[in-house]
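Read the structure below first, then the notes.
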Amino acid sequence: MNQLYDNQRAMRNMRKAALQRGLIAILDVGTSKVACLVLRFDGPDRFRAEDGVGSLAGQAQYRVIGASTTRSRGVRFGDIDAMQETERAIRTVVQSAQKMAGERVDHVIACLSGARPRSYGLAGDIMLDGDVVTDQDIGRVLAACDVPDLGEGREALHAHPINFSLDQRSGLTDPRGHSGNKMSADLHMLTVEKSALQNLVHCIRRCDLELAGIASSAYVAGISSLIEDEQKLGAACIDMGGGTTGVSIFLKNHMIYADSVRMGGDLITHDISKCLGVPEATAERIKTFYGGVVATSLDDREVIEIGGNSGDWHHDRRSVTRAELIGIMRPRVEEILEEVKDSLDAAGFDSLHNPAIVLTGGGRQIPGLDELATRILGTQVRLGGPMRVSGLPQAATGPAFAAAVGLTMFAAHPQDEWWDFEVPDTIYPARSLRRAVKWFKDNW
Amino acid sequence: MRSMSSRGNQHRRDPAPSRWSYRYERWMLTPAYRRLFRVGPPVVLAACAVAFVALDEGRRTYVTDHVNEWVDAFQHRPEFMVAELTVEGASDRLATEIVAALPIEFPISSFDMDLPAMRTTVEQIAGVEKAILRVTSAGALEVDVTPRVPVAIWRLDDGLRMIDGEGNFVASVQARSERPELPLIAGDGAKEAINEAMALFAAAAPIKDKVRGLVRMGERRWDVVLDGDQRIMLPERNAVTALERVIVMAQTQDLLRRDVQVVDMRNDDRPTLKLGITGTEEMRRLNAALSGAGK
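Which chain is which? The protein sequence lines are F and W, in order.
Position 188, counted from 1, in the first sequence is what the numbering used here calls 444; the numbers after and before it change by one each time, with no gaps.
Position 73, counted from 1, in the second sequence is what the numbering used here calls 75; the numbers after and before it change by one each time, with no gaps.
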């Protein structure tokens with residue numbers, strides 16, 4: 257646990273260094289595409305209001321100066337499958353984003369969509385030494401959380417303190433300075449498979465980039481797609497990606513649950529490809545142009561040329577009606593949504609009062625999805641997309657870039673995590689000097 | 003998305019940059035190297051060109067010769083040539099002196115003339131108070147002179163000189179009669195006290211016909227020398243007031259028409275008179291008569 261702590265702290269320092277330089281790249285390694293955005297941090301004073309962009313909810317202190325996307329290679333279900341291929345895809349995307357920015361970037365913040373995330377809710381309590389809660393006390397109460405056995409080869413990716421309570425009072429977001437006797441904390445910890453994480457880190461290192469942070473894509477998609485009220489009052493964000501579908505639940509501005517369903521848009525393409533007997537690329541094209549999940553009578557009459565260049569005239573002149581296509585896609589979409597529903601149920605999403613559900617990610621562009629999702633998941637389904645950030649090219653503003661845009665916000669304003677607080681004296685030997693000073697103070 | 007005809011594109015080149023081209027690109031995007039490549043080659047080229055010329059004696063002289071030639075050709079264009087010298091605001095004698103002091107061979111390029119130095123030369127001439135030198139568009143060097151105005155003649159052992167109001171020499175004169183309108187001063191240190199002398203001459207206007215000149219005595223005070231060997235010895239301070247007293251005495255009591263050789267005003271309290279021989283005898287006679295009558 258200590259080593260993780262160090263890793264995360266090192267990444268935080270790297271992020272700080274990158275912000276000082278003013279340049280940071282964010283890298284979304286997904287199953288269907290790899291996206292890279294280069295951010296320039298100018299500081300609020302250099303931002304020009306006459307550009308016609310408002311303060312954008314406090315996110316406007318950076319601009320996107322380079323953006324690039326490429327087809328992802330060697331990634332399956334959000335995990336890196338072929339390291340070399342993925343490394344090449346990262347190189348391609350980083351190089352063209354750098355070219356667009358005209359600057360060399362050294363620091364990168366990445367996100368991880370697969371790696372079988374698992375959520376834990378932890379709680380811990382301590383008796384306070386003094387009257388007033390200090391940073392040290394927060395560190396101590398977080399350290400006092402009883403961490404369950406994470407399992408072999410798993411590592412914590414996020415550990416957000418969600419709630420602090422002091423004596424009888426609960427729901428404190430920042431207890432520092434409060435007085436009380438007993439403090440307890442609730443912590444949400446997200447663990448992922450260590451090997452998947454290490455693969456990604458290795459790929460990034462191979463591209464001569466320094467990792468300045470890593471986040472779960474379900475989390476960052478939630479940050480960018482849920483509006484403030486939704487994050488506060490409770491909402492689920494469903495990021496329908498190519499290989500995985502990320503699920504994250506937000507409450508009181510904190511993520512309280514995240515999961516990843518190992519099904520996504522690629523599976524739908526695969527189904528189409530199989531059923532129609534066409535290459536995946538053709539299937540993808542048919543899906544994006546004609547796909548849907550709710551069939552109407554008009555769809556029976558809309559005939560889609562499948563095409564092909566096998567040389568067999570009959571084979572190459574096949575066609576399919578749109579209703580048939582919907583018939584192929586719908587069961588799979590339903591299956592994905594059922595899985596999402598299971599995941600949400602497991603998290604106890606029903607117990608929230610009137611929660612919102614936001615669909616985002618590339619998969620949410622399927623026409624009629626909101627209707628289907630409403631039927632399966634419950635009411636209040638909204639089709640969401642990432643919020644706008646200044647300088648982002650039009651091509652990168654779609655819902656498929658929810659995680660990438662969320663990462664820019666994560667880069668600019670990361671939420672406090674466990675490792676951002678002071679390390680308590682008891683577990684960190686380097687603080688022994690402070691203990692000695694304290695001992696002198698107490699005894700002399 | 004891949005295009006629909008996948009068969010023809012199976013041997014498509016990998017779009018990913020190779021590891022080394024990626025590194026090269028990043029290297030070229032590094033700000034320091036970008037600056038180096040933008041600034042470096044031009045600087046090196048320029049340095050090489052300079053070194054190519056400067057390191058060889060023949061090329062160096064070739065370049066300097068040519069440059070000098072161009073400079074000469076430019077400077078000796080007719081627009082810049084000066085053909086004559088005109089002196090304005092000076093008497094003929096002074097003008098001759100100024101022309102003699104400026105050793106210029108016309109025609110000359112205006113680039114070759116050192117006007118400040120020439121101005122210093124002209125201003126060192128005794129009769130010139132201020133000079134303005136300019137090259138006119140007509141190609142003439144114009145010397146605009148403000149001559150010194152003599153206010154007095156100073157008699158020295160070796161002759162007569164005219165001096166201006168600040169005590170500077172203007173010119174020498176052969177005889178007093180050349181400038182009879184100028185008052186005469188003499189004595190060591192007369193030049194330094196020229197202001198006071200001029201004030202005294204102004205005060206002496208009522209007896210102007212009698213005044214022959216002022217003599218500086220001991221470099222501290224003035225004597226007014228009148229005709230008939232009469233002399234008024236003025237004090238160091240308030241000389242003008244003392245002179246005015248004498249003039250008043252002369253006007254009311256006819257002092258200067260009597261046989262008085264010296265009116266000594268050096269003592270503030272009373273004027274002291276030195277009488278001539280006739281005056282002295284008359285005085286003694288009167289004194290004796292008065293004392294005899296008293297007996």
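No residue lacks a Cβ here, since even glycine has one placed at the ideal position from N, Cα and C.
Here the structure is a predicted model, which is why all the values come from computation and not from measurement.
query	result
Inter-stretch contact at 8 Å, needing at least 3 Cβ pairs: the stretch 468 to 483 of chain F / the stretch 406 to 426 of chain F	yes
Residue range of the alpha helix (DSSP H) that includes L628/F	L625 to L633
Reference E590/F; option with closest CA among V614/F, D606/F, L628/F and E580/F	L628/F
Length at least 3, wholly inside the stretch 516 to 588 of chain F: the beta strand (DSSP E) runs in chain order	559 to 561 and 575 to 577
Under 8 Å between C-beta atoms of T500/F and V596/F	no
Chain W contacts made by the stretch 635 to 663 of chain F, where a contact means CB separation under 7 Å	none
Cα-Cα separation between Y24/W and Q351/F, rounded to whole angstroms	7 Å
Cβ shell of S111/W (< 8 Å), same chain only, five flanking positions each side left out	Q77, H78, F82, M83 and V84
Run of the alpha helix (DSSP H) containing N197/W, from where it starts to where it stops	I196 to A205
Run of the beta strand (DSSP E) containing V320/F, from where it starts to where it stops	Y318 to R327
D190/W - DSSP class collapsed to helix/strand/coil	coil
Residue-level contact to chain F via CB, Y24/W, 8 Å cutoff	yes
Contacts that Q351/F makes with chain W (C-beta to C-beta distance below 9 Å)	A18, P19, S23, Y24, E27 and R28
Member of F113/W, E283/W and M30/W whose CA lies at the smallest distance from the CA of E359/F	M30/W
Reduced DSSP secondary structure (H/G/I, E/B, other) of G281/W	helix
Member of R374/F, R396/F, V388/F and D335/F whose CA lies at the smallest distance from the CA of G407/F	R374/F
Own chain, CB closer than 8 Å to G10/W, minus 5 neighbours either side, in chain order	Residue placement at G10/W cannot be trusted, given a pLDDT of 47 that sits under 50; what the coordinates show is reported in the next sentence. Nothing listed; no residue qualifies.
Residue-level contact to chain W via CB, A236/F, 8 Å cutoff	The displayed coordinates of chain F run from 257 to 700. Any statement about residue 236/F would go beyond what the structure contains.
C-alpha gap between S421/F and Q340/F, whole angstroms	48 Å
Through-space distance from Y318/F to D298/F, alpha-carbon basis	6 Å
Interface positions of the stretch 462 to 478 of chain F facing chain W (Cβ-Cβ less than 9 Å), listed along the chain	R462, C463 and D464
Counted within 10 angstroms of its Cβ, other Cβ atoms place R37/W as buried (16 or more) or exposed	exposed
Residues that D284/F bridges to, as DSSP identifies them	A291/F and C367/F
Chain F contact for T305/W (CB, 8 Å cutoff)	Shown here, chain W extends from 3 to 297; a query on residue 305/W therefore has no answer.
Short CB-CB distance (under 8 Å) between E561/F and chain W	no
Under 8 Å between C-beta atoms of M439/F and D381/F	yes
Continuous alpha helix (DSSP H) stretch holding D606/F: start and end	Careful: D606/F lies outside any alpha helix (DSSP H) and carries neither H nor E.
Stretch-stretch touch, CB-based, cutoff 8 Å, three pairs: the stretch 181 to 199 of chain W with the stretch 221 to 231 of chain W	yes
Counted within 10 angstroms of its Cβ, other Cβ atoms place F54/W as buried (16 or more) or exposed	exposed
Chain-ordered neighbours of Q621/F on chain C, where CB pairs are closer than 7 Å	In the structure shown, chain C does not exist; the protein chains are F and W.
Minimum C-alpha distance to V661/F - residue among A274/F, L295/F and I613/F	L295/F
Members of the stretch 271 to 298 of chain F near chain W, C-beta cut-off 9 Å	none
Own chain, CB closer than 6 Å to T325/F, minus 5 neighbours either side, in chain order	K289 and A291
Residues sharing a beta bridge with A412/F, DSSP	T447/F
Spatial neighbours of G314/F in its chain, beta-carbon cut-off 6 Å, leaving aside the 5 residues before and after	Caution applies to G314/F, whose pLDDT of 45 falls short of 50 and renders its modelled position unreliable; the model cannot decide the point.
Straight-line Cα distance separating I479/F from L443/F	18 Å
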